[in-house]
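Residue numbers (the numbering used here), protein chains in the order written: chain A, 1 to 255; chain B, 1001 to 1103. Remarks on the structure that follows.
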Amino acid sequence: MNKKQLYFNIAQKGFFDMLPLNLAVIPWGILCGSLAIQRGFSVFEALLMPALVYAGAVQLVVIELMANNTPLITILFTAFIISSRHFLYGLALRKKVKGLSLKWRASIGFLLTDELFALSTNKKAFKGQIRLAYGVCAGGSFYLSWLLWNIIGIVAGSYLPDLTNLGLDFAIAVTFIALIIPNITNLPALVTVCVAGACSVIFELLTLQLSLVLSALIAMYSGYLTTRILARKANRQKSDIDNNVTNESEEQGTS
Amino acid sequence: MTLMTIFLLAIITFFSRYCFLHPSLPIKIGAKLSNFLSFSAPAVLTAIWVPIIFIREDRLAINLNNPYLIAATIAVLVSIKTKSVYLTLAISGGAFLLLRLYL
Chain A
1 MNKKQLYFNI AQKGFFDMLP LNLAVIPWGI LCGSLAIQRG FSVFEALLMP ALVYAGAVQL
61 VVIELMANNT PLITILFTAF IISSRHFLYG LALRKKVKGL SLKWRASIGF LLTDELFALS
121 TNKKAFKGQI RLAYGVCAGG SFYLSWLLWN IIGIVAGSYL PDLTNLGLDF AIAVTFIALI
181 IPNITNLPAL VTVCVAGACS VIFELLTLQL SLVLSALIAM YSGYLTTRIL ARKANRQKSD
241 IDNNVTNESE EQGTS
Chain B
1001 MTLMTIFLLA IITFFSRYCF LHPSLPIKIG AKLSNFLSFS APAVLTAIWV PIIFIREDRL
1061 AINLNNPYLI AATIAVLVSI KTKSVYLTLA ISGGAFLLLR LYL
């Protein structure tokens, strides 16, 4: 297989891995686009939201805030809080991405949504030129889809009823369920997911502003601690065996 | 004014995503931090989806009248059984629609 073909295959894999997520965000994208129009954005402004801001949760919340004439600083602060989970993504991918040229780094950075990050947890993703093609193709197809669903929402916006109470957030939840649950293959992962779920519900009920990031950090630490405890246990067992072996050999030596 | 706000928002979202990818930032990621960060995807994504399912109208909604909870339970079972994103989306999405109509 020549190099060009390899690139093409891996880009294709990126596209098809992302495809179910591209489809899953149809309702969410249409909602974001139509909401902007219904809340009095011009078509151009409504287009810039997915094209430049490119973040579903931020778009949705901020459109409502802007329609209610919320002070700018509150809007920006809210957007920052919602976006703060991305700092974790950047940190997690730093090792793989920091060595790339500015052009590729900035592209991955711009495309780094929850969905792309979920696909990039694979150890090999982004590392090396070929894996980069995978990430850029997956992320790029998600960007174009997001833009397209928003445009449909923008065009249909004035004809659609208010979609905010139709339960479209279920599509987001079920996408993440489909991505996370099958990957719980060991105890640390299970602990992480359980702690994240419990903390996020508790913090959300307490209406903590940083609920999401805080629960994630606690859950990550729980997962990390579980790995350490398991490793220590394994080490102890191993050293027990080693001790037995040396004792036995000593006994053999004396007899 | 709206345009200005949109540009500032774009800067915020891009900054949050790009910030730690920048090479000249003086951060060293050792084995421990790296292990800690390996849990970021399940941790963050779970912290996003669980409250959508369990909290309805600002209250804990653990009951059979909550279509989110029933459909999500179906989603979890299907995803364990099939490991297919498509099947999970289709089956639990269909269940959710039916539940919304009949509950």
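Note that CB positions come from ideal geometry on N, CA and C, so glycine has one too.
{"Check": "Beta-ladder partner(s) of B/L1060, from DSSP", "Outcome": "B/I1055"}
{"Check": "Sequence-distant residues of its chain with Cβ nearer than 6 angstroms to A/T207 (five each side left out)", "Outcome": "none"}
{"Check": "Residue-level contact to chain A via CB, B/L1030, 8 angstroms cutoff", "Outcome": "In the sequence on display, residue 1030 of chain B carries Gly and not Leu. No - not a single Cβ of chain A is within 8 angstroms of the one on B/G1030."}
{"Check": "Assumed close pair A/L93, A/L132 - CB separation to whole angstroms, cut-off 8 angstroms", "Outcome": "With a Cβ gap of about 12 angstroms, A/L93 and A/L132 do not count as contacting."}
{"Check": "Three CB pairs or more closer than 8 angstroms across the region 1068–1086 of chain B and the region 225–241 of chain A", "Outcome": "no"}
{"Check": "Proximity below 8 angstroms, CB of A/L72 to CB of A/I154", "Outcome": "no"}
{"Check": "Same chain, Cβ closer than 6 angstroms to A/R39, five either side skipped, listed in chain order", "Outcome": "I63 and A67"}
{"Check": "Expected contact under 8 angstroms - CB spacing of B/A1072 and A/V174 to nearest Å", "Outcome": "7 angstroms"}
{"Check": "Under 8 angstroms by beta carbon: chain A residues contacting B/L1060", "Outcome": "V201 and L205"}
{"Check": "A/V193 versus B/T1046: straight-line alpha-carbon distance, rounded", "Outcome": "6 angstroms"}
{"Check": "Cut-off 7 angstroms between Cβ atoms - residues of its own chain near A/S255, not counting five sequence neighbours on either side", "Outcome": "Because the pLDDT at A/S255 is just 46, under 50, the model does not fix this residue reliably, and the point stays unresolved."}
{"Check": "Test: A/V193 CB closer than 8 angstroms to a CB of chain B", "Outcome": "yes"}
{"Check": "Residue of B/L1064, B/L1099, B/Y1102 and B/A1010 minimising C-alpha distance to A/L52", "Outcome": "B/A1010"}
{"Check": "Contacts that B/N1035 makes with chain A (C-beta to C-beta distance below 7 angstroms)", "Outcome": "Y224 and T227"}
{"Check": "Cβ distance (whole Å) where B/I1048 is taken to contact A/L212 below 8 angstroms", "Outcome": "7 angstroms"}
{"Check": "A/R39 (DSSP reduced to helix, strand or coil)", "Outcome": "coil"}
{"Check": "Cα-Cα separation between A/L88 and A/Q5, rounded to whole angstroms", "Outcome": "34 angstroms"}
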